[in-house]
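Some notes on the structure that comes next.
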Amino acid sequence: MSDSPTTTTPQARFYEKRDDGKIRCRLCPHNCVIADGKVGFCQVRKNEAGELVLPFYGAASALGVDPIEKKPLFHFHPGTPILSVGFLGCFLRCPFCQNYRISQSTVAHTERVSPDDLVSRAQREDSFGIAYTYNEPSIHAEYVLDSAERAADAGLKNVLVTAGYLNEDSAKEIYAAMDAANIDLKGFQEDFYRKELAGGLKEVLRGIEIAYERCHVEVTTLVIPGKNDSDEETREIAKFIAGLDPNIPLHMSAYYPTFNYTTEATSPSHLLSRIEIAREHLNFVYPGNIRAPANTHCPSCGNLLIERSGYRTRVPGVRDGHCSECGAEVPVAGL
Ligand code: SF4
């Protein structure tokens with residue numbers, strides 16, 4: 398364990414060397430060209446004498462057991478706690494980031510945890526898996542992949558909570574190593590992604606498609622008044638997800654002012670009206686960050702399948718993976 402970056406600086410993958418001594422990182426669509434001694438846009442991948450190295454490999458900014466519902470994942474082993482680990486840095490610059498102290502800075506306290514330590518900790522905590530979350534974990538892809546391989550060997554599940562802004566090759570490899578992912582879809586305007594978040598919509602949409610082909614997927618949209626909450630944009634988000642599978646859960650969360658945004662918070666009534674629009678296309682749309690029922694009902698007969706109260710979960714209406722009333726298959730893993 399240590400509080401500072403490692404001195405062994407493990408080597409990165411997902412990059413190319415250039416003739417001028419600079420490095421082009423290929424992990425995310427920023428494709429940063431990094432000069433010797435400098436770090437990329439995400440602040441955690443560094444050119445050291447012509448090699449891309451990882452000074453923050455295994456530097457955990459947060460480590461603890463959470464309900465899986467907190468990720469949020471509602472259709473993946475409901476009611477089960479999972480060891481959750483976060484790091485530092487991000488490939489986006491969302492001005493409303495709720496975790497900006499760890500995502501937009503590399504000075505927060507960290508604790509060095511090797512992949513083997515992480516798996517042992519998950520086993521000690523009786524966790525059914527490991528969730529890589531809190532900051533943007535995919536910029537630590539090498540550590541996530543090393544840990545995921547060891548976790549899978551130990552019979553544990555792997556979960557990624559991500560903003561999903563990855564290049565295709567890295568996305569394919571990372572999601573293939575995951576059992577489940579919650580991916581942010583922060584709106585449906587390319588301009589909003591480019592100008593306000595320093596990312597890109599089309600790459601995130603492609604990432605969701607890639608993830609859906611490889612693991613269980615749920616999507617989260619933070620609903621921000623005046624930014625991404627029009628009827629039309631809500632429909633576009635829901636239609637895109639429904640085009641992959643109308644059973645993909647969409648979590649629509651209320652925004653609160655934080656970091657560089659002072660826009661008024663999303664009112665519960667407004668959030669619920671957005672959810673009603675999304676439900677025109679999707680079978681499972683859940684509210685987040687407000688006090689409102691977030692239960693799962695059978696799309697066929699309306700039977701209460703899963704009841705949630707805070708982070709307490711009951712499963713009154715599922716028998717052997719099917720609705721106890723009408724017998725329809727319930728698209729929830731682990732029941
Ligand atoms: S992962 Fe980091 S260094 Fe690599 S391209 Fe993206 S922002 Fe740049």
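What the sequence shown shows, in my numbering, is residues 398 to 732, in sequence order.
Note that beta-carbon positions come from the ideal geometry of N, C-alpha and C, so glycine has one too.
Quick caveat: nothing in here was measured; it's all calculated off a predicted structure.
- For the options 698, 509, 574 and 710, the alpha carbon positioned closest to that of residue 527 is the one of 574.
- As the crow flies, the alpha-carbon of residue 519 is around 28 Å from that of residue 683.
- Residue range 459 to 464 is occupied by the beta strand (DSSP E) that includes residue 463.
- Just measuring C-alpha positions, the residue of 716, 512, 666 and 657 sitting nearest residue 650 is 666.
- Going down the chain, each residue whose beta-carbon is closer than 6 Å to a heavy atom of the ligand SF4 shows up: 422, 424, 425, 427, 428, 429, 437, 438, 439, 442, 488 and 536.
- By the Cβ neighbour-count rule, residue 664 is exposed, with fewer than 16 other Cβ atoms within 10 Å of its own.
- For residue 696, same chain residues with a beta-carbon under 6 Å away, outside a window of 5 residues either side, are 680 in chain order.
- For residue 529, the enclosing beta strand (DSSP E) covers residues 526 to 529.
- Of the residues 726, 471, 447 and 488, the one whose Cα lies closest to the Cα of residue 437 is 488.
- Per DSSP, residue 672 has no beta bridge partner at all.
- DSSP, read as helix, strand or coil, puts residue 590 in helix.
- Contiguous beta strand (DSSP E) elements confined to the segment 410 to 489 occur at 412 to 414, 420 to 422, 443 to 445, 448 to 450, 459 to 464 and 478 to 483, taking only those with 3 or more residues.
- Contact annotation: residue 430 and residue 443 have beta-carbon atoms that are not nearer than 8 Å.
- Taking all protein chains in view, the Cβ of residue 408 is surrounded by fewer than 16 other Cβ atoms within 10 Å, so the residue is classified as exposed.
- Minimum Cα-Cα distance from residue 506 among the listed residues 455, 705 and 474 corresponds to 455.
- For residue 620, the beta-bridge partners assigned by DSSP are 651.
- In this structure, residue 660 keeps its C-beta atom at 8 Å or more from the C-beta atom of residue 604.
- For the pair of segments examined, the segment 458 to 466 was found not to touch the segment 557 to 572: the number of CB pairs separated by less than 8 Å stays below three.
- Residue 504 sits exposed, since fewer than 16 C-beta atoms from the chains shown fall within 10 Å of its C-beta.
- Only residues of its own chain outside the window of five on either side were considered, and among them 620, 626, 631 and 649 have a CB closer than 7 Å to the CB of residue 671, listed in chain order.
- Rounded to whole angstroms, the gap between the alpha carbons of residue 644 and residue 728 is 7 Å.
- Nearest to residue 715 by alpha-carbon distance, out of 554, 698, 688 and 669, is 698.
- Here the alpha carbon of residue 515 sits roughly 9 Å from the alpha carbon of residue 480.
- Here the alpha carbon of residue 452 sits roughly 26 Å from the alpha carbon of residue 578.
- Contact annotation: residue 591 and residue 584 have beta-carbon atoms that are not nearer than 8 Å.
- By the criterion of a C-beta distance shorter than 6 Å, residue 491 is surrounded in its chain by 594, once the five residues flanking it on both sides are discounted.
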